[in-house]
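A.B. asks: Residue numbers (the working numbering): 2 to 90.
For glycine and all other residues, C-beta sits at the position ideal for the given N, C-alpha and C.
Structure representation (structure tokens):
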């Protein structure tokens, strides 16, 4: 009986820890041009519209949700371009 309880408690602990790492929250990232008229861009987590940017034609997609930070000038694997980017207006 005691051994069964120990095994059950150990299993619960392992499953609880595994569950904490099983899902990562998604974050909204925004593709923002690096310089006026540039096709280079970086990803931000703050909506650029509050700073005078608008979503217009460009090399990426204006925003998307991902679980890890995307690399500048790249769309994460499996994410198609929407030919949009945030540019200063």
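Nearest to residue 90 by CA position, among 53, 67, 60, 63, is which residue?
C.D. replies: The residue given as residue 90 occupies position 89 in the chain shown. Looking at the Cα atoms, 53 is the closest of the given residues.
A.B. asks: Just confirm the distance between the C-beta atoms of residue 75 and residue 62, as a whole number of angstroms; I'd bet it's less than 8 angstroms.
C.D. replies: Within the chain shown, numbered from 1, the residue matching residue 75 stands at position 74. Within the chain shown, numbered from 1, the residue matching residue 62 stands at position 61. Actually they are not in contact, since the Cβ atoms of residue 75 and residue 62 sit about 12 angstroms apart, beyond 8 angstroms.
A.B. asks: Just confirm the distance between the C-beta atoms of residue 86 and residue 42, as a whole number of angstroms; I'd bet it's less than 8 angstroms.
C.D. replies: On the chain shown, residue 86 is found 85 positions in, with the first residue counted as 1. On the chain shown, residue 42 is found 41 positions in, with the first residue counted as 1. 5 angstroms between Cβ atoms; contact.
A.B. asks: From which residue to which residue does the beta strand (DSSP E) around residue 88 run?
C.D. replies: Locating residue 88 in the chain shown gives position 87, counting from the first residue. From DSSP, the beta strand (DSSP E) with residue 88 extends over 85-89.
A.B. asks: On the CB-based measure, 16 or more other CB atoms within 10 Å of its CB, does residue 49 come out buried or exposed?
C.D. replies: Position 48 of the chain shown, counted from the start, is the residue given in the question as residue 49. Classification of residue 49: buried, given that the 10 Å Cβ count is 16 or more.
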